[in-house]
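For the sequence shown, this note's numbering assigns the number 3 to the initial residue and increments by one for each residue that follows. For reference, the structure discussed in these notes is given below.
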Amino acid sequence: MNKYESIIGLEVHAQLLTKTKAFCSCSTVFGASPNTNTCPICLGFPGTLPVLNKELVRDIIKVGIATNCKIRPVSSFARKNYFYADLVKGYQITQFDDPICYDGHIDIEISDDERKKIGITRIHMEEDTGKGIHDLDIDSLMDYNRSGVPLIEIVSEPDMRSAKDAYNYLIELRRILVYLGVCTGNMEEGALRCDANVSVRLMGSKEFGTKTEIKNMNSFRNVEKAIDFEIARQIDLLEKGEAVVQETRMWDGQKQITRTMRTKETSVNYRYFTEPDLIKVNVSDEMINDIAKQIPELPSKRKERFIKEYGLPKYDASVLVESQDVAQYYEDVCSVLTAKNEHNYKLVSNWIMTEVMHILSERSITIKDLNLPPNLVAELIELFSNDVISSRVAKDIFPEVVKDGISPKKIVEERGLAQVSDTQSIENIVKKLIEENPESVEKFKNGKKNIVGFFVGNTMKQMNGKANPKVITEIVNKYLSN
Ligand SMILES: [Zn+2]
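See the structure below:
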């Protein structure tokens, strides 16, 4: 048993996909020239007034419902005051005492048959800051295009007990946000940012140890690595009889360590107070019900359904639901097969997870970009599962089906690729091979059973891959045993 237990909570910032900023009508589009998506409101000119973007409220309620949160009927905005060059107003508009969503949870999978509930303390709305550009030979420059872009902050309970838990929580949260269509979930581009609070304590202890906050983890794997490093570092300190200092630490990806960024003593007092320029946010039950209706089936539910409805192994179901579009594509192919009273759904998942995904990753495209009608994949699966063609032929013709959108049936007919089903021609080849290779037959009789593969392979070769391997194997076994 481990001597120590680690306690982890995550604060996740998600950039929303609203078309306009949180409190003005500036565009949120990514990649515009610096400072072109700005106006007196998001630049904080005196005398301007912010107006709340309703889309932001709807999006956060969606996330709140999907994460089993309670939604506050009345909530307010607050000013978080601090000075920094990227914060042009001198304060950030956020929510403080009364976040719009609170007291929720999501389930994460910790092993094949074990799930764990991770509490969500709160989810609130806030605005993003500008961005400094420091990597130039000239002075530091500021780009305020991001100033006022809507963010939601999702704060978890300290319910995670390992870096792996934190990783799984983050992945599940990302899936939910992407499924809801409110965030791209791209951590490398900063659409999803995550800070971790980490502490350790002796196993069985009720009190929390001193925690540190880790920042600057810009990928899912880095979150896991940084937390693992931090847990080990804290345990090491305690083992040496030293104390953990409460501080903010930064993940250094190059050195693969966390290091001190600022200690608590120097941290600022934000002097939060109610934002006087914005009215309270009122949410009616009607609005909540209306939004609830627009929430799609969430990934964990969809995964369960895939296992039940299509008889898929857990692994297949998780891979397929990872992307909403891939999951939909899978269902589209299956529904074509169902209509024809074909039910080989596992074959469809095999095909999508190997052949289709191989092409997607090779070309770095999405399944939508592939533009392949689901009925063509269904047709190929049908030919293959009914032994009309071998798996080799199916794989061989697939790139053509993808490239030109030609019906696999047509390709098979035109080129005579259908599997030879009369056993006579297979038997003839097998008999001849056995006559020509007495030494291999001898090896078989001396117990080298895998010599079967040699005969099957050569028979298949002579039949240009158009024979059913199962039938060949049976025939080879029959002749070798006589
Ligand atoms: Zn603006």
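From the three backbone atoms N, C-alpha and C, an ideal C-beta is built for every residue, glycine too.
Contact set for residue i: own chain, Cβ-Cβ below 7 angstroms, skip 5 residues either direction
i: Lys411; result: Glu381 and Leu385
i: Ile408; result: Glu402
i: Pro278; result: none
i: Leu58; result: Leu18, Thr20, Ala24, Met127 and Pro152
i: His136; result: Ser142
i: Gly33; result: none
i: Asn377; result: Val338
i: Thr276; result: Ser78 and Ala80
i: Asn466; result: none
i: Val184; result: Leu18, Leu19, Asp61, Lys64 and Val65
i: Asn479; result: Val454
Paired residues, beta bridge with residue i - DSSP
i: Cys196; result: Val14
i: Trp253; result: Thr260
i: Cys103; result: Ile73 and Ile125
i: Ile297; result: Ile297 pairs with nothing; no bridge assigned.
i: Asp279; result: Paired residues: none, contrary to the question.
i: Glu244; result: Beta-bridge pairing links Glu244 to no other residue.
i: Arg203; result: Glu7
i: Tyr93; result: Asn83
i: Ser29; result: Thr22
i: Ile108; result: Ile120
i: Asn284; result: Val76
i: Met162; result: Ile10
i: Ser113; result: Glu116
Close beta carbons around residue i, own chain, < 6 angstroms, minus the five adjacent residues each side
i: Lys72; result: Tyr104 and Asp105
i: Arg195; result: His15
i: Pro36; result: Asp145
i: Ile112; result: Lys118
i: Asn470; result: Asp389 and Gln421
Range covered by the alpha helix (DSSP H) that runs through residue i
i: Ile154; result: Careful: Ile154 lies outside any alpha helix (DSSP H), inside the beta strand (DSSP E) at Pro152 to Ser158.
i: Ile428; result: Thr425 to Glu438
i: Ile233; result: Phe222 to Glu241
i: Tyr317; result: Lys316 to Val323
i: Glu357; result: Neither: Glu357 is in no alpha helix (DSSP H) and is coded neither H nor E.
i: Lys397; result: Ser393 to Asp406
i: Val65; result: Lys56 to Ala68
i: Gln326; result: Gln326 to Ala341
i: Ser387; result: Pro376 to Ser387
i: Leu482; result: Pro471 to Ser483
i: Tyr347; result: Tyr347 to Trp353
i: Glu416; result: Pro410 to Arg417
Cβ-Cβ distance between residue i and residue j below 8 angstroms
i: Ile10; j: Val246; result: no
i: Thr123; j: Asp61; result: no
i: Val432; j: Ile477; result: yes
i: Val454; j: Leu482; result: yes
i: Ile156; j: Glu128; result: no
i: Ala329; j: Leu182; result: no
i: Ile361; j: Leu349; result: no
i: Gly150; j: Cys44; result: yes
i: Asp254; j: Ala165; result: no
i: Ser392; j: Gln421; result: yes
i: Val390; j: Val414; result: yes
i: Thr50; j: Pro42; result: yes
i: Ile120; j: Tyr84; result: no
i: Asp327; j: Ser351; result: no
i: Met252; j: Lys227; result: no
i: Leu419; j: Asn460; result: no
i: Ala198; j: Leu12; result: yes
i: Gly134; j: Ala168; result: no
i: Ser221; j: Met189; result: yes
i: Tyr272; j: Lys82; result: yes
i: Leu89; j: Thr131; result: yes
i: His107; j: Asn70; result: yes
i: Lys472; j: Val395; result: no
i: Phe400; j: Glu357; result: yes
i: Ser387; j: Glu416; result: no
The beta strand (DSSP E) enclosing residue i, as first and last residue numbers
i: Arg81; result: Ala80 to Asn83
i: Met465; result: Segment: none, Met465 is in no beta strand (DSSP E) and carries neither H nor E.
i: Lys133; result: Lys133 to Ile135
i: Asp145; result: Leu143 to Asp145
i: Thr214; result: Thr214 to Lys217
Cβ shell of residue i (< 8 angstroms), same chain only, five flanking positions each side left out
i: His38; result: Checking the sequence, you will find Thr at residue 38 rather than His. Within the same chain, Thr38 has close Cβ partners Asn147.
i: Gln97; result: Ser77, Ser78, Phe79, Ala80, His126, Met127 and Glu128
i: Gly243; result: none
i: Val202; result: Tyr6, Glu7, Ser8, Ile9, Gly211, Ile233, Gln236, Ile237, Leu240 and Val246
i: Asp109; result: Arg117, Lys118, Lys119, Ile120, Glu174 and Ser302
i: Ile290; result: Ile63, Ile67 and Ile73
Any C-beta of chain C under 8 angstroms from that of residue i
i: Tyr181; result: Absent here is chain C; the protein component of the structure consists of one chain.
### Given 8 angstroms, three or more beta-carbon pairs between the segment 282 to 295 and the segment 71 to 91
yes
#### Entry: Three CB pairs or more closer than 8 angstroms across the segment 166 to 185 and the segment 298 to 306
yes
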